[in-house]
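Have a look at the structure below before the remarks.
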Amino acid sequence: MNKLLSGFSKTRAVMTGVVTFAFIATGTVVLTMAETKKEEKPAAAASAGRPAKPSPADIDAGKQIYFKKCVWCHGPEGAGDGPGADRLWPRPRNFNQGTFKIRHTGSGELPTENDLFLTVTHGLPGSAMPPWDGVLNDQQRHQVVSFVMTNLVKERNFQDMENEEFHVIDFGKQVASSEESIKRGKEVFMNKGKCVECHGNEGRGDGNKTQKDEWGFPIFPADLHKCWNFRGNREDPYNPKNVFREVSTGLNGTPMPSFADVLTPEQRWDVANFVISLCPKRKIDPLTAHPALQFVVKAHFVEGNIPNNPDDAVWQKIDSQYIGLAGQIIHKPRNFVRLVDEVWVKSIFNGKEIAWSFEWDDRIKSASSPEALAQAASFEETPPAGKPIASREYPMFNDAVGVQFPAKWQELTPPEKPRFVFGDAKRAIDLWKWESDGTVKAYTGHGAMGGDLKLEAHQNQDVKAVFSEYKDGRWRVILTRAMTTNDKENDVQFEMGKYIPTVFFAWDGNNGDHGLKSSISTWYYTILEPPIPTKAYVYPFVALILAFGLEGWIIRKANAAKQQRK
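Those letters in the sequence shown? Residues 1 to 566, by this note's numbering.
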């Protein structure tokens, strides 16, 4: 019996050891599996933004739409090489590699279907991609997106569960814009984020000017003072959420990286608030997605001499007016890609002189050379195909700005005006032009019909540049002239209270702009607002006193009459 018990005890000890070992081993395996599972990305999160597989009917319908509307820029195979591509900058998107800039997914990842749908719907400001809302209905836009995802993205597969993940960014808790947040954002912009290295000291995109995209084409950092030109920003340009998205996801195919692993969500919100603070606050035109145009430029009356510095208090108290510029594409050489798309203007006068202040952003300061000027006569515009405008190098001409008026506007019957491209044979214009080599000249223009620009310099050059400065990606220039001159035939004569037709020009010398190749506005009107006489302020005050006095007299008389009746 004792032997049996002893054998049983030994057997129990062995079994206990085996069970204990098994338990420990099992626990170790379980813990290891738990740790491994914890390190893996959850499958649900990785596929949260994955598009559903489109139906063959939607793909076929999308193909029909694509070959009617999209092929002209993006090409028959979606390689960004359509008939119009060589004259566009930025170049149309090459879909084949599956590289998309505007996304809510992680860096390097494919976009969600909704990302592509919104791009088609709203277009991409600052590029040739227009909004298709109103042209294609919702279903058609979804269908063309289905065709692009399925047939034109050739090197990747939206339905590849093994290799393609979709991690939609988390916006977290938004940090409200405030002086403190903007200050913190600027600190990150200048230091930890090193945004300044590309976007420049003042954020005008004048930092690294030698960058190229994934396809080898030159690309400039964004000018952060033009939030209406940010890609994917059309519907709400002043919303910092759009900047947070780009800082978090990066822009695939460009040198702009994701900062999701470098900056905390709070820091990214601060940077977004700082970037939006750089953009001038203006009413946005919903059709153009740019500041709404005001077609009357008011010249303000000032006492004394005209200040020759734009930082003077006289200039600073006047709001700048946004002037939208388009490329001159009527006469050769045409400006298919204008790099100066706006100029901000102010005007003041003192009864004897009138002055114009111009400010515009330009990433590269350009001054011409005699060799470049010698090439102007043989300058050829970009052909329709075979020589991409995005990679073309131009002779460097002068940066310049100009303003023109009908020389004899008093003789025109409204709305009659000269042709806006430097006038015409019957109605001459007076053009004031400043160039970055310091040249300032007034010209008489008789048009450019047939591509022959007819500009003749005035014998008496009365226009003066009293200020010019290039700093941190911005030009500032002030031009002055007497309100009236002795040359009534060629010089515009200014009168107070009259609407004088006005056109604005800008030339980017680094873009090969010179002569007809320019950025140009439509006709505006300038009005010299008459000074308000002192009596205009005194009379209302006197009238108010008299009114109160009369009211008091009537009340006293009424009270006296009431007392007499008692």
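No residue lacks a Cβ here, since even glycine has one placed at the ideal position from N, Cα and C.
Spatial neighbours of residue 318 within its chain, please: CB distance less than 8 Å, with the 5 preceding and 5 following residues excluded, ordered by chain position.
Cβ neighbours of residue 318 beyond the five flanking positions: 300, 346, 348.
Could you work out which residue in 433, 429, 209 is closest to residue 446 when comparing CA atoms only?
For residue 446, the closest alpha carbon among the candidates 433, 429, 209 is that of 429.
Assigned secondary structure, residue 331 (DSSP; H/G/I helix, E/B strand, else coil):
In the displayed model, residue 331 falls within coil according to three-state DSSP, outside both helix and strand.
Mind checking which residues open and close the beta strand (DSSP E) that includes residue 480?
Residue 480 -> beta strand (DSSP E) spans 474-482.
Under the three-state DSSP convention, the category residue 218 falls into:
DSSP places residue 218 in strand when its eight states are reduced to three.
What are the boundary residues of the beta strand (DSSP E) that includes residue 212?
Neither: residue 212 is in no beta strand (DSSP E) and is coded neither H nor E.
Comparing alpha-carbon positions, which option in 530, 547, 51 lies nearest residue 575?
A question about residue 575 goes unanswered here, because the residues of the chain that appear run from 1 up to 566.
Closer than 6 Å: residue 344 CB and nearest the ligand GTP heavy atom:
With respect to the ligand GTP, the structure offers nothing, as it holds no ligand at all.
Residue 231: buried (16+ other C-beta within 10 angstroms of its C-beta) or exposed?
By the C-beta density criterion, residue 231 is buried, having at least 16 other C-beta atoms within 10 angstroms.
Identify, in the order they occur along the chain, each residue of the same chain with its Cβ nearer than 6 Å to the Cβ of residue 250, setting aside the five sequence neighbours on each side.
The residues are 107, 256, 257, 258.
What are the residues that DSSP puts in a beta bridge with residue 360?
Beta-bridge pairing links residue 360 to 475.
Looking only at C-alpha atoms, which of 137, 110, 109, 112 sits nearest to residue 121?
The residue among 137, 110, 109, 112 with its C-alpha nearest the C-alpha of residue 121 is 137.
Using beta-carbon positions only, say whether residue 397 and residue 473 come within less than 7 Å of one another.
Their beta carbons are not under 7 Å apart, which means residue 397 does not touch residue 473 by this criterion.
Go ahead and pull the three-state DSSP assignment for residue 236.
Looking at residue 236 - three-state DSSP - the assignment turns out to be coil, as it is neither helix nor strand.
Beta-carbon proximity list for residue 546, same chain, < 6 Å, skipping 5 on both sides
A distance below 6 Å between beta-carbons, with the five flanking residues on each side excluded, links residue 546 to no residue of its chain.
Between residue 418 and the rest of its own chain, which residues show a CB-CB distance below 6 Å, the 5 nearest in sequence each way excluded?
The answer, listed in chain order, is 406, 424, 427, 429.
Run through DSSP, which three-state label would residue 470 get?
In this structure, residue 470 counts as strand in the three-state DSSP scheme.
Distance, Cα to Cα, residue 89 vs residue 54?
The straight-line gap from Cα to Cα measures roughly 32 Å.
Within 7 Å, strictly: CB atoms of residue 353 and residue 482:
Taking 7 Å as the Cβ cut-off, residue 353 and residue 482 qualify as a contacting pair.
What distance in whole Å lies between the Cβ atoms of residue 189 and residue 110, which are believed to be in contact at a cut-off of 8 Å?
About 29 Å; that fails the 8 Å criterion.
Identify whether residue 496 lies in helix, strand or coil by the three-state DSSP scheme.
In the three-state DSSP reduction, residue 496 falls in the strand class (E or B).
Taking buried to mean at least 16 other C-beta atoms within 10 Å of its own C-beta, is residue 161 buried or exposed?
Result: exposed.
Quick check on DSSP: helix, strand or coil for residue 436?
Three-state result, residue 436: coil.
Suppose the cutoff is 8 Å on Cβ atoms and the five residues either side in sequence are ignored; what does the same chain contact list for residue 175 look like?
Cβ neighbours of residue 175 beyond the five flanking positions: 181, 266, 269, 270, 273.
Buried versus exposed, by CB contacts within 10 Å (16 or more), residue 518
With 16 or more neighbouring CB atoms inside 10 Å of its own CB, residue 518 falls in the buried class.
As assigned by DSSP and simplified to three states, the class of residue 43
Confidence at residue 43 is low in this model, with a pLDDT of 42, below 50, so its placement is unreliable and the value that follows should be read with caution. Residue 43 sits in a helix when the DSSP states are folded into three classes.
Reference residue 177; option with closest CA among 365, 277, 459
Considering only alpha carbons, the answer is 277.
CA nearest to the CA of residue 355, picked from 377, 290, 308, 395:
Residue nearest to residue 355 within the set 377, 290, 308, 395 is 308 (criterion: CA-CA distance).
Is residue 344 helix, strand or coil by DSSP?
Note: residue 344 maps to strand in three-state DSSP.
Extract the residue ranges of the alpha helix (DSSP H) inside the region 44-94, only unbroken runs of 4 or more that lie entirely within it.
Positions of the alpha helix (DSSP H) runs, each at least 4 residues long and wholly inside the region 44-94, are given as 56-69, 71-74 in order along the chain.
Taking the CB atoms as reference points, tell me whether residue 381 and residue 333 lie closer together than 7 Å.
In contact: residue 381 and residue 333 (Cβ atoms closer than 7 Å).
Could you check which residue in 394, 297, 372, 217 has the C-alpha nearest to that of residue 500?
For residue 500, the closest of 394, 297, 372, 217 by C-alpha to C-alpha distance is 297.
Thinking C-beta only, is residue 211 closer than 7 Å to residue 155?
Not in contact: residue 155 and residue 211 (Cβ atoms no closer than 7 Å).
Neighbour-count burial assignment, residue 186, 16 or more Cβ in a 10 Å radius:
By the neighbour-count criterion, in which a residue is buried when 16 or more other Cβ atoms sit within 10 angstroms of its Cβ, residue 186 is buried.
What does DSSP give as the partner residues of residue 524 in its beta bridges?
Paired residue(s): 502.
Rounded to whole angstroms, what's the CA-CA distance from residue 135 to residue 50? Just pull it up for me.
So the two alpha carbons sit approximately 27 Å from each other.
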